[in-house]
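S.K.: Structure in structure tokens, see below.
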Amino acid sequence: MKQMTYLEAGREGLAEMMREDPTVWALGEDLGRGGVFGQYHGLQQEFGKDRIADTPISESCILGSAVGAAMMGTRPVVEMRFADFALCAVDELVNQAAKARYMFGGQARVPMVVREPSGLWRSSAAQHSQSLEAWYAHIPGLVVVMPATPADNKSLLKQAIRCDDPVVYLEHKDLWALQGPVDDDAPDLPLGKARIARAGSQITLLSWSAMFHQAMQAAELLAAQGVSAEVIDLRSLWPWDKATVCESVGRTGHLLIVHEAVRVGGFGAEIAATVSEKLFGQLKSAPARLAAPRIPISYAPTMENEVRISAEQIAAAALKQIGKINA
Amino acid sequence: MTASNFDRTRYSRFYSQMLRIRAFEQAAIKAKEEGLVLGAIHPSIGQEAAAVGVCENLKPDDILLSTHRGHGHTLSKGASPEAMMRELLGKVGGNCGGKGGSMHIADFSVGMLGANGVVGANINIAVGAAHAIKLKGEDKLVVCIFGDGAINRGPFLEGLNWAKIFNLPVLFVCEDNAYSATTHTRDTTAGEGPVARAKALGLEAQSIDGNDVVAVDIATQDYIRRVKMHGPHLLHLKTYRLGGHTSTDAAGYRPTGEADEKWNHDPLVRCRTLLTEAGVAVAELDNLEADASREMAAIYATARDAPFPPAIEAYADVQDIGDPRTEAF
Ligand SMILES: Cc1ncc(C[n+]2csc(CCOP(=O)(O)OP(=O)(O)O)c2C)c(N)n1
Ligand SMILES: [Mg+2]
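If you want it as structure tokens, here you go:
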């Protein structure tokens, strides 16, 4: 099986879709030069300037025009550059893209993908580091996807492009260089399906995007202490795979949700509440959340690290939760 | 315009369309007074020449984007007034199945891609629709109508710039009724207004008397030709909102006598005068007026008697993936 990075996998997924379907096109700032991170490198050479369109710095028009172009039968892939800048186009996403089909009584389809590079990397501070996925999960009409691995970034991006709904597709900036196997022959994943990445029996660690990798490391640390943790990569926030999560927590009895976004009002709260409602009698502990404090993200590493969650912290929280703290 | 080259058939049709819009809105205002129209409506009484002069020039597959004050545009683009009235009343058989109401009327079957409840939001959507037309190599154009207030929102700059950069087939129409809700737009708009702003971005633009349906017609024909050859243009149609912002707004903020004076320029009366001067019989014009009233009275009655949609429809047409009919929580 070939190895490629998360970034290359996304690029290959888009290129394959553009070869397969002539109505697919991409628009955003600096795409001709490959996009800010290189996710579009070489695509304008292959597909031309019309289908890999360099746009003005007009986020509201990038997203809003994609709504019009999608309603007219094309499949735009919108590049927002940083998830933070997508906030310049909230009306276009929330009031227009997410609502057009419904408020026009089913006359419209808005098959667009909004790519939003998201999350923390080094010293990018409060306006280039946020994880806002919970906001989007809150909006009826939107599908919300957060791939964690190269294989998923290819497969889920292709499915997002095929989807007739507007999809908010949040790639994590800190994962661009992550290498992993990508199987060209594997069938593309359905949207909304979680993956049990590591089987375990004593606690379920549930996460997505970059934080999933910390959860996997935490499971290693826990194994070294004789604790068997199951790790789930949620992959999609809407729809979210309640069946897989509940089946796992039903077996382990403990759920620890880990996400990079602020804990208050984060998607972990939704999952914890749902699991509590569905599995109350079977739970051995209250579903717990490990997530960022409600502070903006800083520049200096000492302060920036206050919002980072490490594998060690996850492992410690898990031990505490199952009552195996070594004092 | 001399009597000899005045196209009586064409402008009789335009007059008839203006009468239908007026009668539709009068029926809607009555229905609102009776409590049958559930939400707000924004009548375009006094602005019918702008709607008809522009939209009668569109082919069925040309695309139109409109505003919260869009009944006239939509009717003139060919939408069924009965479906529109049903939508206003939230009834089965409305254009949007009762999900949209007046501010979200759309009829994709006639190329009407939606009114919009967000001022200015239709500009970016229109530009994108034109972008798709260009990508697909189709021979049609997009008309985007917005108010004088919308030119102070960001999409006006972003959308016009975009249309010019990508050389897109869009005709922007600023339907200037002098007011943005309860404020005279003069008091909130710097500089010379929409034409100057459009020209600053390299678009051809002109202001015309939006209550003169013939002038609007001629300018629109000219601009449609030019849009197809040279990309985006902007028409500024100067008109006047004879009523309030919504049907229940008494518009007491207007200077005394202003609206009374403006009724002297009612576009329907002006069109009727042109037609009689061109020799069209008064009886013929009276018939058109009676036809329009009769048509709208009938659709009002059917809409009134139609049922509300079943509650379960609230779950339909949200999304395919994560469909609330499977999981709404
Ligand atoms: C973004 C946004 N801001 C405010 C409003 C409330 N609002 C509805 S119509 C209107 C006035 C719009 O004026 P104009 O663009 O001139 O259109 P007109 O109502 O005169 O047709 C306002 C402020 C809105 N719907 N959307
Ligand atoms: Mg106005």
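These protein sequences, in sequence, are chains G and V.
Residue numbers are given in this note's numbering: position 263 of the first sequence equals residue 1151, and the series is strictly consecutive.
Residue numbers are given in this note's numbering: position 252 of the second sequence equals residue 392, and the series is strictly consecutive.
No residue lacks a Cβ here, since even glycine has one placed at the ideal position from N, Cα and C.
Everything numeric in this text was worked out from a predicted model, so none of it was measured.
#1: Find the residues of chain G that neighbour residue 403/V, judging by a C-beta separation of less than 8 Å, and give them in chain order.
#2: With distances taken between CB atoms, is the gap from residue 308/V to residue 348/V smaller than 8 Å?
#3: Relative to the C-alpha of residue 313/V, which candidate in 360/V, 277/V, 336/V, 355/V has its C-alpha closest?
#4: Kindly identify the DSSP beta-bridge partner or partners of residue 893/G.
#5: Report the neighbours of residue 324/V on chain A: residues whose CB is nearer than 8 Å to its CB, in chain order.
#6: Within the segment 1112-1173 of chain G, note down every full beta strand (DSSP E) run reaching 3 residues or more, in order along the chain.
#7: Alpha carbon to alpha carbon, what distance is there between residue 150/V and residue 411/V?
#8: Return yes when the C-beta of residue 389/V is under 7 Å from any heavy atom of ligand 4, and no when it is not.
#9: Can you list, in chain order, every residue whose CB sits closer than 5 Å to a heavy atom of ligand 1?
#10: What's the C-alpha gap between residue 1215/G and residue 1102/G?
#11: Are three or more beta carbon pairs between the segment 263-278 of chain V and the segment 287-301 of chain V nearer than 8 Å?
#12: What residues of chain V sit near residue 919/G, judged by a beta carbon separation below 8 Å?
#13: Got a sec? Which residues, its chain only, sit under 6 Å from residue 379/V by beta carbon, not counting five neighbours each side?
#14: Is there a C-beta anywhere in chain G that falls below 8 Å from the one on residue 201/V?
#15: What's the call for residue 448/V, buried or exposed, on a 16-neighbour Cβ count within 10 Å?
#16: If contact is defined by three or more beta carbon pairs under 8 Å, each pair taking one atom from either stretch, is the segment 976-993 of chain G in contact with the segment 1062-1071 of chain G?
#17: Quick one: grab the DSSP three-state call for residue 460/V.
#18: Evaluate contact between the segment 1085-1099 of chain G and the segment 424-431 of chain V, counting only Cβ atoms and requiring at least three cross-stretch pairs below 8 Å.
#19: Since residue 348/V sits in a beta bridge, which residues does DSSP pair it with?
#20: Is residue 325/V close to ligand 2? I mean its beta-carbon at under 7 Å from any heavy atom of the ligand.
#21: Based on the DSSP output, what are the partners of residue 1001/G in its beta bridges?
#22: Below 8 Å, how does it come out for the segment 1016-1031 of chain G and the segment 1136-1154 of chain G: are there three or more Cβ pairs, yes or no?
#23: Helix, strand or coil: which one does DSSP assign to residue 186/V?
#24: With a threshold of 6 Å on Cβ separation, who are the neighbours of residue 1083/G within its own chain once the five nearest residues in sequence on each side are excluded?
#25: Hey, could you find the ends of the beta strand (DSSP E) residue 315/V is sitting in?
#26: So, at 8 Å on beta carbons, what are the nonlocal neighbours of residue 153/V in its own chain, with the 5 sequence-adjacent residues on each side left out?
M.R.: Taking the coordinates as given:
#1: Those do not exist, as residue 403/V stays about 35 Å from chain G at its closest Cβ, beyond 8 Å.
#2: no
#3: 360/V
#4: 1067/G
#5: Included in the structure are the protein chains G and V, with no chain A among them.
#6: 1117-1121, 1124-1126, 1143-1150
#7: 12 Å
#8: Ligands displayed in this structure: ligand 1 and ligand 2; ligand 4 is not among them.
#9: 209/V, 258/V, 259/V, 287/V, 288/V, 289/V, 290/V, 317/V, 320/V, 321/V
#10: Because residue 1215/G carries a pLDDT of 41, less than 50, the predicted location of this residue cannot be relied on, and no value is offered for it.
#11: yes
#12: Simply none; closest approach about 14 Å.
#13: 187, 190, 317, 350, 351
#14: no
#15: exposed
#16: no
#17: coil
#18: no
#19: 377/V
#20: yes
#21: 965/G, 1055/G
#22: yes
#23: coil
#24: 1121
#25: 310-316
#26: 196
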